[in-house]
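If you use our numbering, the sequence shown corresponds to residues 3 to 98, in order. Glycine is no exception: its CB is placed at the ideal position from the N, C-alpha and C atoms. A short write-up of the structure that comes next.
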Amino acid sequence: MRKLTHHIESLFIRCTGYTYSNLARLFMRLFVGIMFLQFGIRHLMTFSTLRYTFPSVLGWSSETSLIVMITIELVCSLFIMVGFLTRLAVYLPSYL
């Protein structure tokens with residue numbers, strides 16, 4: 003019986019160390035993704051007023067620049083929340 007409890011304790015201690023760090027990463031990804039997602043949704047809701055006043059980037063029209071920015075914000079925030087290409091998804095919107 004003592005041997006069984008020792009194995010269970012060692013398994014539990016070994017697993018919990020990794021579980022807490024994984025949960026922390028998950029919550030951080032979800033928090034950042036949701037915060038980033040709200041900007042995309044806010045710009046999507048005010049698209050009709052922003053499409054004429056949004057600054058043009060790379061020689062595109064202001065409407066095209068806004069559409070690209072909204073798409074990047076929405077897609078990259080979903081990538082961050084899922085954990086797919088997280089580093090690229092974080093760096094991409096900061097360059098545009």
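Worksheet item: DSSP three-state call for Thr66: helix, strand or coil?
Response: Reduced to three states, the DSSP call for Thr66 is helix.
Item to complete: Find out if the Cβ-Cβ distance for the pair Ile72, Leu46 is shorter than 7 Å.
Response: Yes. Within cutoff.
Worksheet item: Whose C-alpha, out of Met37, Phe41, Ser63 and Arg31, is nearest the C-alpha of Phe86?
Response: When each option's Cα is compared against that of Phe86, the closest is Arg31.
Item to complete: Give the straight-line distance between the Cα atoms of Glu65 and Gln40, rounded to the nearest whole angstrom.
Response: Within the model, the alpha-carbon separation for Glu65 versus Gln40 is close to 20 Å.
Worksheet item: Which residues in the same chain have their Cβ closer than 7 Å to the Cβ of Ser79, if we skip the five residues on either side of it in sequence?
Response: Cβ contact annotation for Ser79 (same chain, cutoff 7 Å, sequence separation greater than five): Gly35, Phe38, Leu39 and Gly42, in chain order.
Worksheet item: How many angstroms separate the CA atom of Ser67 from the CA atom of Arg27?
Response: Answer to the nearest angstrom: the Cα atoms are 32 Å apart.
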